[in-house]
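Protein chains in written order, with the numbering used here: chain X, 26 to 753; chain C, 866 to 928.
Cβ atoms here follow ideal geometry from the backbone N, Cα and C, with glycine treated the same way.
Okay, so here's the structure we're looking at.
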Amino acid sequence: MTERFQYDNRIVKNFLFVTILWGIVGMLVGLIIATQMVAQNTPPDAWYYWIVRPFTWLGELEWTKFGRLRPLHTNAVIFAFVGNAIFAGAYYSLQRLLKARMFSDALSAIHFWGWQLIIVLAAVTLPLGMTTGKEYAELEWPIDILITLIWVVFGVNMFGTIVKRRERHLYVAIWFYIATWVTVAMLHIVNSIELPISLTKSYSWYAGVQDALVQWWYGHNAVAFFLTTPFLGLMYYFLPKAANRPVYSYKLSIIHFWALIFLYIWAGPHHLIYSALPDWAQSLGTVFSIMLIAPSWGGMLNGLLTLRGAWDRVREDPVLKFMVVAITAYGMSTLEGPLLSTKFLNGIAHFTDWIIAHVHIGGIGWNGFLTFALVYWLVPRMYGTKLYSVKLANAHFWIGTLGIVFYAIPLYFAGFFQSLMWKQFTPDGFLVYKNFLDTLLQIKYAYWLRALGGLLYLIGAFIMVYNVVKTVKAGRLIANEDAEAPALEKNAPEEAGGYWHRWIERRPFQMLLLSLVLVAIGGIFEMVPTFLVKSNIPTIASVKPYTPLELHGRDIYVREGCYTCHSQMIRPFRSETERYGEYAKAGEFIYDHPFQWGSKRTGPDLLRQGGKYPHSWHYYHMYDPTSMSPGSLMPPYHHLYEHALDTTTTRAKIEAMRTMGVPYDEEPYGPGFAERANAHLSEQSAVIVAGLKKDGIEAQADKEIIALIAYLQRLGTDIKVKETAATR
Amino acid sequence: MSVIFLLIAASTVVALVFLGLFVRAVRSGQFDDDRSPAVRMLNDHAPAPRAAEAPSTNETTDR
Chain X
26 MTERFQYDNR IVKNFLFVTI LWGIVGMLVG LIIATQMVAQ NTPPDAWYYW
76 IVRPFTWLGE LEWTKFGRLR PLHTNAVIFA FVGNAIFAGA YYSLQRLLKA
126 RMFSDALSAI HFWGWQLIIV LAAVTLPLGM TTGKEYAELE WPIDILITLI
176 WVVFGVNMFG TIVKRRERHL YVAIWFYIAT WVTVAMLHIV NSIELPISLT
226 KSYSWYAGVQ DALVQWWYGH NAVAFFLTTP FLGLMYYFLP KAANRPVYSY
276 KLSIIHFWAL IFLYIWAGPH HLIYSALPDW AQSLGTVFSI MLIAPSWGGM
326 LNGLLTLRGA WDRVREDPVL KFMVVAITAY GMSTLEGPLL STKFLNGIAH
376 FTDWIIAHVH IGGIGWNGFL TFALVYWLVP RMYGTKLYSV KLANAHFWIG
426 TLGIVFYAIP LYFAGFFQSL MWKQFTPDGF LVYKNFLDTL LQIKYAYWLR
476 ALGGLLYLIG AFIMVYNVVK TVKAGRLIAN EDAEAPALEK NAPEEAGGYW
526 HRWIERRPFQ MLLLSLVLVA IGGIFEMVPT FLVKSNIPTI ASVKPYTPLE
576 LHGRDIYVRE GCYTCHSQMI RPFRSETERY GEYAKAGEFI YDHPFQWGSK
626 RTGPDLLRQG GKYPHSWHYY HMYDPTSMSP GSLMPPYHHL YEHALDTTTT
676 RAKIEAMRTM GVPYDEEPYG PGFAERANAH LSEQSAVIVA GLKKDGIEAQ
726 ADKEIIALIA YLQRLGTDIK VKETAATR
Chain C
866 MSVIFLLIAA STVVALVFLG LFVRAVRSGQ FDDDRSPAVR MLNDHAPAPR
916 AAEAPSTNET TDR
């Protein structure tokens, strides 16, 4: 019997329009920080001073420095721009592939508004410095909980639609959406286990190497299951639709789906090559990354070959043009990724702008261009009209493509050359570029070109906005689109009586799986605290917990996002040990909740910063970096000299650390230390203030800068203590 | 490095979930036909106009 029903286009339209809105916001923040990165501290006599002034002025404010805006940029483009695009595309294609309206209009609305609330909360909290300090997972614990809830709403809505479908076969795109939902749920929960101190502050439950492993297991799979699998699902729906021809090989799509999801999850450690992570874990990451080439390219080829014999249409249709570049960019970055996870290339590329170029090929090439294609294809259809201007869409395509080229190519050069400069020795065996800043100033031209590339890309997006507005005005939203399909034939015996328990009885396998999942979740929450606390037993005797003042200083370091430009991970290369000091050991990081290894060096590594310079150097440098390093691109941190350190949380912080197994009840602190922590803190600040006084600086002991100096002077010194002890 | 057990456990559970879904999908004949699904998804023919007694077809708004 044929049933009549209606597709919900309004929810698709809502998600699509916020995709455009947040996309522009995220790209604009990207352009701001790209400009800050090259133009911060521009002297007033430079001819371009007033052009870059708005951006460098933001860099002088407390809330809009690079370290706080960079997490905002990444969160906005990943979770707001790409996230909403996923939901728009999935809500459109799911309904049509399943021949059913979404399970519940109310859930759709909760999903939509909940997700926008999360984005707004992120946009407020990140500039305020509320961050967990873990890349792409910076949002604090209350928002983490909200994300989980909204994700469940999305899941119920999706699976509900699948259950009430009128098409027995699940098209391959739906498999990609299912994998996305399941895996992102798990990744988000495992990586976000944290101990709250207050509503706006928490500590990662994991420490040091463990935290790094969990974080990049999450981080890499965020790339895999948020930026890749859902977009492959979108590709498998919208590419055949736009080209009006079936996908090249349906069989290949099935094979590449299952291969992809089974391989991806193990590739995370390739973000930690040459780090203090055990070598076998690094190698595991490399092996799985290389294997990933096969399924990734299976997907790319399947996409491109779908257009065989239809390339003449690509010449005319901007939607297909965007798709071709998107899929090509996907192919390039999924070949480059595995290559970068080999030790040889990773030794060159890691910590440099090469990686930034790589992720933007994926981000603005694959995700951005496929999203634009979706917009140009969906808006006219849902408004029952034609695209306002194909010419403008073509202009967007070319200006956007040029933007990608200008963005990526200079950064590839920059990354490669800076890395070579870091590693270059004179014939006598000394570093050629002793001063890190010299290598950075050499690649400034590339940063200018990158900002130009970003600007072009953003201009393209604005052209799209104009085109969309004009198209929308010319048409009327078909909020509910009529459709009809025969009802799904049900199994006769199943329908007869005792429906729900018969269902389970007939599916012992699913029962088993369900119970396994429940048991695993229970097990995780029981096991994690115990074995992670035990793992904090020091392996290097001289490594001690941070003093209360240092701990506060570390939290300031996290709050300011120092890790977005400075690593704390000296790799075992001679070029690095010569420049920074002894290479990093796993045992040094056991009290680091969260770890702060970083992933990019715009400034030098800070792991062995302690004791390198006097207190006064840091005091002057943080107020005006160019006073100590002429030409420095680091923003000034005046607010640290104005804000008093909040010592009311000291006790809670020490107690939280105790809970996670940091031995504050042992030497040199002793039982009941949380009570005496603030007294200890005052003593240490007094010592630093006295040290500053010797250099003629009158500093106030209660300011945040004192805590930060205490932390910076502690960094990496525990190992030095051990070495002197050994030589004695 | 004990956290690796947590990651292995979590990853394996998800892998098993996927394996289960895969086995179930194969058994229920999801992958028996590897040609027609690719073609069928292209056909979204709009329904024939409704009979006179039915209310107006498209509930449209211009927002």
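For residue i, the nearest candidate out of the options (CA to CA)
i	options	result
residue 387(X)	370(X), 432(X), 421(X), 371(X)	432(X)
residue 43(X)	625(X), 143(X), 83(X)	143(X)
residue 568(X)	688(X), 583(X), 491(X)	688(X)
residue 490(X)	644(X), 397(X), 318(X)	397(X)
residue 300(X)	175(X), 244(X), 595(X)	595(X)
residue 707(X)	337(X), 100(X), 573(X)	573(X)
residue 341(X)	187(X), 655(X), 109(X), 268(X)	268(X)
residue 202(X)	306(X), 169(X), 254(X), 655(X)	254(X)
residue 499(X)	413(X), 207(X), 440(X), 450(X)	413(X)
residue 504(X)	265(X), 38(X), 472(X), 27(X)	38(X)
residue 193(X)	123(X), 744(X), 325(X)	123(X)
residue 140(X)	36(X), 77(X), 586(X), 96(X)	36(X)
residue 133(X)	85(X), 182(X), 115(X), 163(X)	182(X)
residue 646(X)	221(X), 630(X), 667(X), 663(X)	663(X)
residue 513(X)	187(X), 149(X), 78(X), 170(X)	187(X)
residue 296(X)	240(X), 337(X), 339(X)	240(X)
residue 462(X)	162(X), 207(X), 630(X)	630(X)
residue 329(X)	273(X), 319(X), 115(X)	273(X)
residue 214(X)	196(X), 249(X), 168(X), 252(X)	168(X)
residue 237(X)	348(X), 158(X), 223(X), 99(X)	158(X)
residue 176(X)	744(X), 112(X), 696(X), 165(X)	112(X)
residue 659(X)	665(X), 666(X), 650(X)	650(X)
residue 48(X)	644(X), 731(X), 479(X)	479(X)
Residues bridged to residue i (per DSSP)
i	result
residue 450(X)	456(X)
residue 221(X)	227(X)
residue 509(X)	29(X)
residue 376(X)	625(X)
residue 486(X)	BP columns for residue 486(X) are empty, so no partner.
residue 306(X)	Looking at the DSSP assignment, residue 306(X) forms no beta bridge with any residue, so it has no partner.
residue 669(X)	728(X)
heavy atom of the ligand MN below 7 Å from residue i C-beta
i	result
residue 58(X)	The ligand MN is absent from the structure shown, which contains no ligand whatsoever.
Segment limits, alpha helix (DSSP H) that includes residue i
i	result
residue 138(X)	130-150
residue 156(X)	Residue 156(X) -> no alpha helix (DSSP H), and no H or E assigned at all.
residue 723(X)	Looking at the DSSP string, residue 723(X) is not in any alpha helix (DSSP H), and its letter there is neither H nor E.
residue 734(X)	729-739
residue 172(X)	166-188
residue 214(X)	197-216
residue 641(X)	640-648
residue 240(X)	233-247
residue 680(X)	675-684
residue 412(X)	Careful: residue 412(X) lies outside any alpha helix (DSSP H) and carries neither H nor E.
residue 74(X)	74-85
residue 295(X)	First-last for residue 295(X): undefined, no H or E at that position.
residue 336(X)	336-341
residue 586(X)	From DSSP, residue 586(X) is part of no alpha helix (DSSP H); its letter is neither H nor E.
residue 876(C)	868-892
### Task
Counting only runs of 4+ residues fully inside the stretch 599-638 of chain X, write out the alpha helix (DSSP H) ranges in chain order.
599-605
### Query
Using a beta-carbon distance cut-off of less than 9 Å, what residues from the stretch 279-306 of chain X approach chain C?
279, 283, 286, 287, 290, 291, 293, 302, 303, 306
### Task
Select from the stretch 261-273 of chain X all residues with a C-beta closer than 8 Å to any C-beta belonging to chain C, and list them in chain order.
262, 265, 266, 269, 270, 271, 272
### Query
Which residues, taken in chain order from the stretch 119-132 of chain X, show a beta carbon closer than 7 Å to some beta carbon of chain C?
121, 122
### Cβ-based contacts, 8 Å cut-off: residues of the stretch 490-512 of chain X near chain C
501, 502, 503, 504, 505, 506, 507, 508, 509
### Query
What residues in the stretch 206-236 of chain X have a beta carbon less than 7 Å from any beta carbon of chain C?
207, 208, 211, 215, 231, 234, 235
### Task
Select from the stretch 719-734 of chain X all residues with a C-beta closer than 8 Å to any C-beta belonging to chain C, and list them in chain order.
none
### Message
Using a Cβ-Cβ cutoff of 9 Å, what residues of the stretch 189-204 of chain X are near chain C? List them in chain order.
### Response
192, 193, 194, 195, 196, 197, 198, 200, 203, 204
### Query
Looking at chain C, which residues of the stretch 235-254 of chain X have a Cβ within less than 7 Å of any of its Cβ atoms?
235, 238, 239, 242
### Query
What runs of the beta strand (DSSP E), each 3 residues or longer, lie entirely inside the stretch 248-275 of chain X?
none
#### Entry: Interface residues of the stretch 614-627 of chain X facing chain C [CB-CB below 7 Å]
none
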